[in-house]
Amino acid sequence: MTELSGGPSLPQKRRLVTAIPGPKSQELLARKSAVVASGVGSVMPVFAARAGGGVIEDVDGNSLIDFGSGIAVTSVGSSAEAVVRRASAQLADFTHTCFMVTPYEGYVAVCEELAKLTPGDHAKKSALFNSGAEAVENAVKIARAYTKRQAVVVFDHGYHGRTNLTMALTAKNMPYKHSFGPFAPEIYRVPVAYPYRWLTGAENCAQEAADQVIDMISKQVGAENVAAIVIEPVLGEGGFIEPAKGFLPKIVEFANNNGIVFVADEIQSGFCRTGQWFACEDEGIVPDLITTAKGIAGGLPLAAVTGRADIMDAAHSGGLGGTYGGNPVACAAALGSIETMRELDLNARARRIEEVMKGRLGSMQEKYEIIGDVRGRGAMIAIELVQSGSKDPNPDATSALAKACHAAGLVVLTCGTYGNVLRFLPPLVIGEDLLNEGLDLLEEAFARL
Ligand code: PLZ
Numbered sequence: 001m002t003e004l005s006g007g008p009s010l011p012q013k014r015r016l017v018t019a020i021p022g023p024k025s026q027e028l029l030a031r032k033s034a035v036v037a038s039g040v041g042s043v044m045p046v047f048a049a050r051a052g053g054g055v056i057e058d059v060d061g062n063s064l065i066d067f068g069s070g071i072a073v074t075s076v077g078s079s080a081e082a083v084v085r086r087a088s089a090q091l092a093d094f095t096h097t098c099f100m101v102t103p104y105e106g107y108v109a110v111c112e113e114l115a116k117l118t119p120g121d122h123a124k125k126s127a128l129f130n131s132g133a134e135a136v137e138n139a140v141k142i143a144r145a146y147t148k149r150q151a152v153v154v155f156d157h158g159y160h161g162r163t164n165l166t167m168a169l170t171a172k173n174m175p176y177k178h179s180f181g182p183f184a185p186e187i188y189r190v191p192v193a194y195p196y197r198w199l200t201g202a203e204n205c206a207q208e209a210a211d212q213v214i215d216m217i218s219k220q221v222g223a224e225n226v227a228a229i230v231i232e233p234v235l236g237e238g239g240f241i242e243p244a245k246g247f248l249p250k251i252v253e254f255a256n257n258n259g260i261v262f263v264a265d266e267i268q269s270g271f272c273r274t275g276q277w278f279a280c281e282d283e284g285i286v287p288d289l290i291t292t293a294k295g296i297a298g299g300l301p302l303a304a305v306t307g308r309a310d311i312m313d314a315a316h317s318g319g320l321g322g323t324y325g326g327n328p329v330a331c332a333a334a335l336g337s338i339e340t341m342r343e344l345d346l347n348a349r350a351r352r353i354e355e356v357m358k359g360r361l362g363s364m365q366e367k368y369e370i371i372g373d374v375r376g377r378g379a380m381i382a383i384e385l386v387q388s389g390s391k392d393p394n395p396d397a398t399s400a401l402a403k404a405c406h407a408a409g410l411v412v413l414t415c416g417t418y419g420n421v422l423r424f425l426p427p428l429v430i431g432e433d434l435l436n437e438g439l440d441l442l443e444e445a446f447a448r449l
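Dropping the structure here:
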């Protein structure tokens with residue numbers, strides 16, 4: 001894998017010239033705490049100045065290796081040439097007209113790409129929004145309008161956003177829901193096939209979990225009352241959980257047999273992140289609706305609901321929209337991002353990142369018994385940290401390791417219901433030397449722990 005430039009003048013090298021955070025970041029942090037609400041946290045106390053390829057340069061001139069991509073967003077890098085070129089041209093032409101007032105071509109072109117790229121060869125339509133949460137909310141609106149039913153089924157460890165409805169769909173209380181209720185009604189949570197933590201063993205996980213889900217829906221909700229089943233094909237914030245193979249197809253079959261809209265939330269896993277356009281493809285799943293955001297637009301805010309034309313058309317005319325949904329600059333960026341994914345074959349790069357990461361993390365697992373599980377797909381890889389000799393979660397080691405990586409100039413993120421998962425989401429354009437250097441820094445952090 002050769003090094004790709006993600007920004008014309010940004011050297012693809014880690015470089016620390018001050019402590020982390022440096023003096024300029026510290027000054028900005030003081031200004032931040034005076035005026036930014038404390039509810040809005042930041043993983044690392046450094047302020048970005050430029051970013052591109054596999055690095056983020058801070059205001060003190062430190063250059064950090066990026067294993068976060070701004071939470072799985074900048075898959076093409078933070079300043080990909082085609083994204084900058086197309087978004088800049090659009091910016092000069094016009095910033096906004098509102099698609100609901102006078103439409104423009106970019107929006108239509110993005111919907112055409114979504115129809116081509118998402119799984120299934122049926123007729124598809126899309127609607128564009130600003131954020132992942134908004135896309136999930138709209139998928140639920142559409143599924144309810146189509147089925148004329150109300151109930152929505154979601155899963156343990158699921159994450160779908162921070163708005164009122166999507167908080168209700170999200171599993172984890174702290175920090176997402178605590179003190180923010182009451183939540184939307186008619187949401188039902190069922191188990192997910194989490195192989196590492198399945199009590200009777202990973203080999204029984206897919207069948208037993210699917211049986212439990214179907215039994216719970218049938219007995220507690222009534223399949224005929226369910227509008228939608230919403231699931232992430234690889235669960236993101238909940239801990240990069242890959243449902244045991246066979247689980248998702250059983251759920252899809254149940255949904256199909258009962259007139260339930262199956263919604264794949266691919267906001268984190270989509271757009272080449274897992275080494276294919278969408279993570280569903282692994283098991284040949286064709287969702288009725290698919291929600292996308294994050295990686296779609298190279299860092300600009302854009303989200304979509306895409307799905308079967310008859311379902312998408314169930315919402316009455318004027319029933320879907322929003323002032324900024326499908327903003328022209330964000331659409332231009334999405335077209336640049338998709339162009340980059342095709343041109344650089346970023347699916348192949350994601351698979352290569354998996355190969356390198358799993359190799360290195362697998363060796364670390366043999367050495368450090370607190371690494372309970374190494375998992376994930378493509379450039380969506382994680383390690384689950386446990387107490388030595390058990391599967392009890394080890395959030396302390398997780399945050400200590402993350403801190404050590406940050407101090408060494410490596411941006412890593414944590415996740416997981418138990419706060420014990422270190423996740424790695426490098427831009428797909430990261431150079432292989434930077435990728436290995438990041439893994440060296442992680443290994444040093446383990447050695448010092
Ligand atoms: N669905 C699967 O991963 C966003 C959340 C970060 P928005 N994940 C990052 C945080 O702590 O707020 C996400 C996701 C899945 C929906 C969403 C929501 O997307 O664009 O953040 O609204």
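Numbering (the UniProt record's numbering), first residue to last: 1 to 449.
Even glycine gets a Cβ: it sits at the ideal position worked out from N, Cα and C.
Just curious, the alpha helix (DSSP H) that residue i is in, first and last residue?
{"i": "Arg448", "result": "432-448"}
{"i": "Thr251", "result": "Inspection of the sequence shows that residue 251 is occupied by Ile rather than by Thr. It spans 247-257 - the alpha helix (DSSP H) in which Ile251 sits, taken as one unbroken run."}
{"i": "Ala184", "result": "From DSSP, Ala184 is part of no alpha helix (DSSP H); its letter is neither H nor E."}
{"i": "Glu208", "result": "202-216"}
{"i": "Cys405", "result": "395-407"}
{"i": "Thr340", "result": "328-343"}
{"i": "Val108", "result": "105-117"}
{"i": "Ile371", "result": "Element bounds for Ile371: not the alpha helix (DSSP H) but the beta strand (DSSP E), 371-377."}
Any chance the CB of residue i is under 7 Å from a heavy atom of ligand 1?
{"i": "Glu237", "result": "yes"}
{"i": "Gly161", "result": "yes"}
{"i": "Asp265", "result": "yes"}
{"i": "Val136", "result": "yes"}
{"i": "Gly132", "result": "yes"}
{"i": "Ala145", "result": "no"}
{"i": "Ala334", "result": "no"}
{"i": "Ile229", "result": "no"}
{"i": "Glu242", "result": "no"}
{"i": "Ala293", "result": "yes"}
{"i": "Ile71", "result": "yes"}
Do residue j and residue i have their beta-carbon atoms positioned less than 8 Å apart in this structure?
{"i": "Val136", "j": "Asp265", "result": "yes"}
{"i": "His157", "j": "Thr166", "result": "no"}
{"i": "Gly318", "j": "Asn130", "result": "no"}
{"i": "Ala51", "j": "Ser78", "result": "yes"}
{"i": "Ala382", "j": "Phe240", "result": "yes"}
{"i": "Glu354", "j": "Arg377", "result": "yes"}
{"i": "Pro328", "j": "Phe180", "result": "no"}
{"i": "Cys405", "j": "Leu441", "result": "yes"}
{"i": "Pro195", "j": "Ala244", "result": "yes"}
{"i": "Met312", "j": "Ala127", "result": "yes"}
{"i": "Phe67", "j": "Leu410", "result": "yes"}
{"i": "Val213", "j": "Val234", "result": "no"}
{"i": "Ala151", "j": "Glu186", "result": "yes"}
{"i": "Ile370", "j": "Ala397", "result": "yes"}
{"i": "Val192", "j": "Phe155", "result": "yes"}
For the beta strand (DSSP E) holding residue i, just list the boundary residues, first then last.
{"i": "Met380", "result": "380-385"}
{"i": "Ile231", "result": "226-231"}
{"i": "Lys124", "result": "124-129"}
{"i": "Gly52", "result": "48-52"}
{"i": "Glu57", "result": "55-58"}
{"i": "Cys415", "result": "413-415"}
{"i": "Ala293", "result": "Note, Ala293: premise wrong, no beta strand (DSSP E); not H, not E."}
Assign residue i to buried or exposed, taking buried as 16 or more other Cβ atoms, counted over all protein chains shown, within 10 Å of its Cβ.
{"i": "Thr2", "result": "Bear in mind that the predicted position of Thr2 carries a pLDDT of just 39, short of 50, making it too unreliable to give a figure here."}
{"i": "Ala19", "result": "exposed"}
{"i": "His96", "result": "exposed"}
{"i": "Gln220", "result": "exposed"}
{"i": "Ala445", "result": "buried"}
{"i": "Ala447", "result": "exposed"}
{"i": "Val429", "result": "buried"}
{"i": "residue 458", "result": "The structure shown does not extend to residue 458, since the chain is modelled only from 1 to 449, so the question has no answer here."}
{"i": "Arg31", "result": "exposed"}
{"i": "Pro182", "result": "exposed"}
{"i": "Asp60", "result": "buried"}
{"i": "Asn436", "result": "exposed"}
{"i": "Glu105", "result": "exposed"}
{"i": "Pro427", "result": "buried"}
{"i": "Lys391", "result": "exposed"}
{"i": "Met100", "result": "exposed"}
{"i": "Asp121", "result": "exposed"}
{"i": "Ser363", "result": "exposed"}
| task | Please confirm if the segment 333-343 is in contact with the segment 307-321, defined as three or more CB-CB distances below 8 Å between the two stretches. | result | The way I'd put it, the segment 333-343 doesn't touch the segment 307-321; fewer than three beta-carbon pairs between them come closer than 8 Å.
| message | When you compare the segment 9-16 with the segment 43-57, are there three or more beta-carbon pairs, one atom per stretch, that lie closer than 8 Å? | response | By the Cβ rule, the segment 9-16 counts as touching the segment 43-57, because three or more pairs are nearer than 8 Å.
| Hey, is the segment 62-75 in contact with the segment 271-282, meaning 3+ C-beta pairs nearer than 8 Å? | Enough Cβ pairs lie closer than 8 Å, so yes.
| said: For the structure I just gave you, are there three or more beta carbon pairs, one from the segment 244-262 and one from the segment 223-231, closer than 8 Å? | reply: With a cut-off of 8 Å, the segment 223-231 and the segment 244-262 count as touching, because enough Cβ pairs lie within range.
| Do the segment 36-45 and the segment 83-90 make contact, defined as three or more Cβ pairs closer than 8 Å? | Here the segment 36-45 makes no contact with the segment 83-90; the two share fewer than three CB pairs at distances below 8 Å.
| message | Contact between the segment 169-187 and the segment 349-367 is defined here as three or more beta-carbon pairs at a separation below 8 Å; is this criterion met? | response | Verdict: no, contact absent.
| message | Would you call the segment 113-122 in contact with the segment 250-259, where contact means no fewer than 3 C-beta pairs closer than 8 Å? | response | As far as the Cβ criterion goes, the segment 113-122 does not touch the segment 250-259, which means the pair count is below three.
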